[in-house]
Ligand SMILES: NC(=O)c1ccc[n+]([C@@H]2O[C@H](COP(=O)([O-])OP(=O)(O)OC[C@H]3O[C@@H](n4cnc5c(N)ncnc54)[C@H](OP(=O)(O)O)[C@@H]3O)[C@@H](O)[C@H]2O)c1
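In our numbering, the protein residues as written are 883 to 1179.
Rendered as structure tokens:
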């Protein structure tokens, strides 16, 4: 019997658990603040940002939203980041990626004060993570770890295959699972577009994480019985419905569900966790910046 991992329920628990940390900050006269910055007219990016702002309101985080014309010079975005870096009411800054083509996204990431980098993408935070003393874990990989923990899925001594090596999902997740820690201690294989025989690597795994961006790439033939399958992918594919599209993951749900011990649905799996962990990082950031113990690690 396959267990369907309920990301919405776990995310709700995480948000409920944040209440005591937000109360501790309120006792010190602080309301955590998250600034979202959008420099794009991509409808998906607009939706993501508005969902993040809604999440802030739900848990009692001050949401600040800045929109920059995608045709504006890159300096306008850099200046905005500088202003947010020095704003004491802003504890977390998230620049929605991708930004306009003429903007250097690496410069954007480097420009954010590392202590306000709640995405965890700044090189200082990446270095800390790799070295094993992380400050902010990137939201999606951290969300995957929290899902595994919520379902008592141990990673210690397990073979984990992560398909995808992006800086936002695959690489940080592989690093986290490799850490000498209770939620790490895995033997990790990372696959990418040049990997020879990805299926052999996924068949060898106790846990498969798909973060590829290719609809339904991982199918039932690529896993063995009782594999835990975490689907990070969110892909828009054409559909005969009102919107003209539907969302599918990187996993072929039907064939994998027949064999897997656990599977995350799309939507309703990793997505809500990413959003919850952004709130978590923002509250943690406020605690760090205002020297309040918010009891988040
Ligand atoms: N649920 C969420 O909250 C959430 C958050 C972030 C991303 N996502 C979704 O997760 C997916 C991945 O996102 P991303 O930002 O990590 O994507 P990305 O930056 O495009 O990276 C994709 C990775 O997959 C690898 N890849 C591509 N085709 C492959 C193949 N046939 N076999 C093996 N590896 C292959 C690429 O290899 P190379 O490095 O060699 O190019 C790359 O490392 C997307 O669908 C995205 O929308 C979801």
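Quick reminder that beta carbons are idealized off the backbone N, C-alpha and C, glycines included.
Checklist entry - When you compare only the Cα positions, how much space is there between residue 1021 and residue 957? => result Rounded to whole angstroms, residue 1021 to residue 957 spans 27 Å at the Cα level.
Item to check | the segment 1135-1148 in contact with the segment 915-922 per 3-pair CB rule at 8 Å | outcome: They do not touch, by the three-pair rule.
Item to check | Complete runs of the beta strand (DSSP E) confined to the segment 1033-1108 [at least 3 residues] | outcome: 1041-1045, 1069-1073 and 1089-1092
Next on the checklist: Rounding to the nearest angstrom, what Cα-Cα distance links residue 1005 and residue 1107 in this structure?
Outcome noted: Note on geometry: alpha-carbon atoms of residue 1005 and residue 1107 lie some 39 Å from one another.
Checklist entry - In the structure shown, what three-state DSSP assignment does residue 917 receive? => result strand
Checklist entry - Between 1173, 1177, 1179 and 1152, which lies nearest to residue 891 when the distance is taken from Cα to Cα? => result 1152
Item to check | Own chain, CB closer than 8 Å to residue 963, minus 5 neighbours either side, in chain order | outcome: Around residue 963, the same chain offers 919, 975, 977, 990, 993 and 994 as residues with beta carbons nearer than 8 Å, after the five sequence neighbours per side are excluded.
Next on the checklist: Quick check: residue 1091 and residue 1026, are their CB atoms within less than 9 Å of each other?
Outcome noted: A contact, by the Cβ cut-off of 9 Å.
Checklist entry - So, is residue 1159 buried or exposed, given that buried needs 16 or more other C-beta atoms within 10 angstroms? => result buried
Checklist entry - Of the residues 959, 970, 1052 and 1144, which one's Cα is nearest the Cα of residue 1003? => result 1052
Item to check | Given 8 Å, three or more beta-carbon pairs between the segment 1036-1051 and the segment 1074-1083 | outcome: yes
Checklist entry - How should residue 1024 be labelled, buried or exposed, when 16 other C-beta atoms within 10 angstroms of its C-beta is the threshold for buried? => result buried
Checklist entry - If you drop the 5 nearest sequence neighbours on each side, which residues of the same chain put their C-beta closer than 6 Å to that of residue 1117? => result 1097 and 1130
Item to check | Whether residue 1123 touches residue 1001 by CB criterion (9 Å) | outcome: no
Next on the checklist: In the DSSP assignment, the beta strand (DSSP E) including residue 1118 goes from what residue to what residue?
Outcome noted: Counting along the chain, residue 1118 sits inside the beta strand (DSSP E) bounded by residues 1117-1120.
Next on the checklist: Once the 5 residues before and after residue 952 are set aside, which same chain residues still bring their CB inside 7 Å of it?
Outcome noted: 921, 922, 923 and 982
Checklist entry - Does ligand 1 have even one heavy atom less than 8 Å from the beta-carbon of residue 1077? => result yes
Checklist entry - Which word fits residue 1054, buried or exposed, when buried means at least 16 other C-beta atoms lie within 10 angstroms of its C-beta? => result buried
Item to check | Cross-strand partners of residue 885 (DSSP beta bridge) | outcome: 1144
Checklist entry - Anyone know if the C-beta pair for residue 1103 and residue 1041 falls short of 9 Å? => result no
Item to check | Supposed close pair residue 904, residue 945 - CB separation, criterion 8 Å | outcome: Between residue 945 and residue 904 the Cβ distance is about 14 Å, and since that is not below 8 Å, they are no contact.
Checklist entry - Between residue 1155 and ligand 1, is the CB less than 8 Å from at least one heavy atom? => result yes
Checklist entry - In chain order, what residues of the same chain lie with their CB nearer than 6 Å to the CB of residue 1056, ignoring the 5 residues before and after it? => result Result list for residue 1056: 1044, 1070 and 1072, in chain order.
Checklist entry - Any heavy atom of ligand 1 closer than 8 Å to the Cβ of residue 1099? => result Yes; taking the cut-off as 8 Å, the Cβ of residue 1099 has a heavy atom of ligand 1 nearer than that.
Item to check | C-alpha gap between residue 888 and residue 899, whole angstroms | outcome: 17 Å
Next on the checklist: Taking the alpha-carbon of residue 1125 as reference, which of 926, 1110, 906 and 996 has the nearest alpha-carbon?
Outcome noted: 926
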